[in-house]
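Only one structure is covered here, and it is reproduced in the block below.
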Amino acid sequence: MSSLKIDVRTAPQGTPDLITFFVKGSALPAGVPPEEFDGAPGSTLLLRDKTHRTLLIGLGAKEKIEADTLRRAAGTAIKHLLKLGGKDAALDLVPFPDYVGPAVEGAILASYKFDGFGKDPAKNSRGTLRDLQVLVSEHEVTNASVQARDAQTVATVTNLVRDIGNLPGNMLTPAILAEKAQELGKERELTVKIWTERHLARDGFGGILAVGKGSANPPRLIVLEYHGGAKKTPPIALVGKAVTFDTGGISIKPGAQMDEMKWDKMGGMAVLGILLAAADLKLPVNLIGLIPSAENMPGPDAYRPGDIITTLDGKTIEVLNTDAEGRIILADAIAHARLTYKPSAIVEYSTLTGAVVMALGYRRAGLFTTSEKLRDAFIAAGKITGELVWPMPIDEEYREAIASDVATVKNIGGREGSACASASFVKLWAEEIPFVHLDIAGTAWTTKPPAHVEGGASGFGVRLTLQALRAGLP
Ligand code: BES
Ligand code: ZN
Ligand code: ZN
Numbered sequence: 000m001s002s003l004k005i006d007v008r009t010a011p012q013g014t015p016d017l018i019t020f021f022v023k024g025s026a027l028p029a030g031v032p033p034e035e036f037d038g039a040p041g042s043t044l045l046l047r048d049k050t051h052r053t054l055l056i057g058l059g060a061k062e063k064i065e066a067d068t069l070r071r072a073a074g075t076a077i078k079h080l081l082k083l084g085g086k087d088a089a090l091d092l093v094p095f096p097d098y099v100g101p102a103v104e105g106a107i108l109a110s111y112k113f114d115g116f117g118k119d120p121a122k123n124s125r126g127t128l129r130d131l132q133v134l135v136s137e138h139e140v141t142n143a144s145v146q147a148r149d150a151q152t153v154a155t156v157t158n159l160v161r162d163i164g165n166l167p168g169n170m171l172t173p174a175i176l177a178e179k180a181q182e183l184g185k186e187r188e189l190t191v192k193i194w195t196e197r198h199l200a201r202d203g204f205g206g207i208l209a210v211g212k213g214s215a216n217p218p219r220l221i222v223l224e225y226h227g228g229a230k231k232t233p234p235i236a237l238v239g240k241a242v243t244f245d246t247g248g249i250s251i252k253p254g255a256q257m258d259e260m261k262w263d264k265m266g267g268m269a270v271l272g273i274l275l276a277a278a279d280l281k282l283p284v285n286l287i288g289l290i291p292s293a294e295n296m297p298g299p300d301a302y303r304p305g306d307i308i309t310t311l312d313g314k315t316i317e318v319l320n321t322d323a324e325g326r327i328i329l330a331d332a333i334a335h336a337r338l339t340y341k342p343s344a345i346v347e348y349s350t351l352t353g354a355v356v357m358a359l360g361y362r363r364a365g366l367f368t369t370s371e372k373l374r375d376a377f378i379a380a381g382k383i384t385g386e387l388v389w390p391m392p393i394d395e396e397y398r399e400a401i402a403s404d405v406a407t408v409k410n411i412g413g414r415e416g417s418a419c420a421s422a423s424f425v426k427l428w429a430e431e432i433p434f435v436h437l438d439i440a441g442t443a444w445t446t447k448p449p450a451h452v453e454g455g456a457s458g459f460g461v462r463l464t465l466q467a468l469r470a471g472l473p
């Protein structure tokens, strides 16, 4: 990843590619026949003269324009220009001074692509964005500069965790992830604590240990602390599933698309990104990020169906399917959050179930929460950042499905309503603390990328949560 230079100015400097946002129905530049460009959202038209290129990007009808319209349009335009070999671009935001932040965010998110490890990196990756100019009127320069700076911070951190997220299982083990978190935390005002296998055993993290046992790459618990708020204000705990690879374990998965399970760590990546960005932005909040990390493998010492596991707070789990592993490592981490930090709320992110993808598809994450206020806060934040969430039930009814004869609970119920039963499973360890579970299985990565962003890890949850925190989480 390269570092991008952003300038807020009143006129372009040099000869960047100019990006013009076009409202449907406004006058086309002279010489453009109307049938060539209608200004629909995402439509583009490239104009060239001797010295530079201008890319028109459609926003659709004026009444429907919102933050995400500009974010997507800027992303689509940048992706388009990068494919043409462009390196320097100018966003003409004179008509949209209030959407400088979203447009810059969209541009930076679109400029990220996982480089990979091919022999010829130049062939492997398209051009990277070097210089981004933001054009606004004189009296908007200060306002636009603040927006651009914050957007750059948030989008750069999002791309950073996408880049870690895109590493395959052999290159990103739990131990390597822990090292990376420690390094990144050191560069900022973050305290990072790591539990190795030995420490996990000493302290009774039976869930993380059980899931990690089948792998030669031992598990870790990563805890990041950020204190930006008043000393006495209880923190908000953010918990993220980071299974660096999920084979399913002894209840092994079918082979098709199993490679995608390298992205089973994206809940943890969301938490890492939120903590890093909160520190960079110096948000006035107290946050604890907890990232339980394990590789779910069917090695000789693997946990098995039928096993009964004792988690950190003494609750027990009857394992009926070793592929429902995320909830087991989350149980320990959520219990640790509750017992050690007494947080005002626990928000948990996980690629937990295939069932949520069946229910909601790829555009919306499942939002399961015990608090109406938290529900409203996340829905509102999602509308602004474009990371949509949809409320799903988590009430006691779903507990019946996971009742066990030999343990506190069993780790799978039936197929019916299983995204909800899974949510009610993880909720158990939060006890009375207001709890949010975001099932991001459908939104954490994409293999069919839309026009405004590349495929692979999306970083879903990072911008969503930062927006919710800035708006003031209840
Ligand atoms: N990581 C998977 C969930 C998943 C599946 C995410 C597909 C994204 C795409 C999780 O650990 C899992 O395997 N869940 C099982 C649970 C089942 C065994 C009850 C599932 O959803 O099939
Ligand atoms: Zn699994
Ligand atoms: Zn999993």
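Numbering that gives the first Met the number 0 numbers the first residue of the sequence shown as 0 and each following residue consecutively.
We treat Cβ as the ideally placed atom computed from N, Cα and C, and that holds for glycine.
Could you compute how far the alpha carbon of residue i sits from the alpha carbon of residue j?
i, j, result
"residue 0", "residue 405", "Residue confidence is low: residue 0 scores 49 on pLDDT, short of 50, so the model does not pin down where it sits. Its coordinate-derived value is still stated next. When rounded, the distance between both Cα atoms is 51 angstroms."
"residue 206", "residue 316", "9 angstroms"
"residue 306", "residue 324", "13 angstroms"
"residue 412", "residue 249", "18 angstroms"
"residue 32", "residue 26", "11 angstroms"
"residue 474", "residue 204", "Because residue 474 is not part of the residues shown, which for the chain are 0 to 473, the question remains open."
"residue 408", "residue 443", "28 angstroms"
"residue 473", "residue 229", "16 angstroms"
"residue 151", "residue 7", "12 angstroms"
"residue 459", "residue 48", "39 angstroms"
"residue 321", "residue 24", "56 angstroms"
"residue 20", "residue 161", "27 angstroms"
"residue 191", "residue 53", "46 angstroms"
"residue 279", "residue 414", "42 angstroms"
"residue 327", "residue 410", "8 angstroms"
"residue 61", "residue 11", "25 angstroms"
"residue 232", "residue 59", "44 angstroms"
"residue 256", "residue 451", "24 angstroms"
"residue 117", "residue 16", "29 angstroms"
"residue 96", "residue 55", "18 angstroms"
"residue 225", "residue 382", "26 angstroms"
"residue 354", "residue 318", "19 angstroms"
Pull up the CB-CB distance for residue i and residue j, whole angstroms please, since I reckon it's below 8 angstroms.
i, j, result
"residue 389", "residue 366", "6 angstroms"
"residue 133", "residue 90", "5 angstroms"
"residue 99", "residue 92", "5 angstroms"
"residue 344", "residue 425", "Not really, about 14 angstroms apart at Cβ, beyond 8 angstroms."
"residue 50", "residue 75", "No, residue 50 and residue 75 are not in contact; Cβ-Cβ is about 24 angstroms, not under 8 angstroms."
"residue 163", "residue 185", "Contact doesn't hold; Cβ gap of about 16 angstroms is too wide."
"residue 68", "residue 40", "7 angstroms"
Is the beta carbon of residue j closer than 8 angstroms to that of residue i?
i, j, result
"residue 238", "residue 386", "no"
"residue 243", "residue 159", "no"
"residue 57", "residue 38", "yes"
"residue 342", "residue 432", "yes"
"residue 467", "residue 376", "yes"
"residue 440", "residue 416", "no"
"residue 284", "residue 235", "yes"
"residue 211", "residue 293", "yes"
"residue 104", "residue 154", "yes"
"residue 438", "residue 420", "no"
"residue 189", "residue 200", "no"
"residue 173", "residue 142", "no"
"residue 275", "residue 183", "yes"
"residue 379", "residue 470", "yes"
"residue 462", "residue 384", "yes"
"residue 352", "residue 418", "yes"
"residue 102", "residue 148", "no"
"residue 288", "residue 338", "no"
"residue 137", "residue 43", "no"
"residue 227", "residue 282", "yes"
"residue 350", "residue 263", "yes"
With hydrogens ignored, establish whether the beta-carbon of residue i is closer than 7 angstroms to any heavy atom of ligand 5.
i, result
"residue 275", "As presented, the structure is devoid of ligand 5, carrying ligand 1, ligand 2 and ligand 3 as its sole ligands."
Tell me which residues share the same chain as residue i and place their Cβ nearer than 8 angstroms to its Cβ, disregarding the 5 neighbours each side in the sequence.
i, result
"residue 129", "1, 3, 4, 86, 87"
"residue 453", "78, 109, 111, 112, 113"
If you drop the 5 nearest sequence neighbours on each side, which residues of the same chain put their C-beta closer than 6 angstroms to that of residue i?
i, result
"residue 290", "221, 239, 241, 267, 270"
"residue 296", "213, 214, 246"
"residue 165", "113, 455, 456"
"residue 146", "99, 100"
"residue 63", "none"
"residue 196", "217"
Going by beta carbon distance, what residues of the same chain come within less than 7 angstroms of residue i, once the five residues before and after it are set aside?
i, result
"residue 28", "46"
"residue 334", "310, 311, 312, 428"
"residue 167", "261"
"residue 193", "177, 181, 219, 221"
Query - Check your reading: residues with Cβ closer than 5 angstroms to ligand 3 heavy atoms - result: 242, 245, 263, 325
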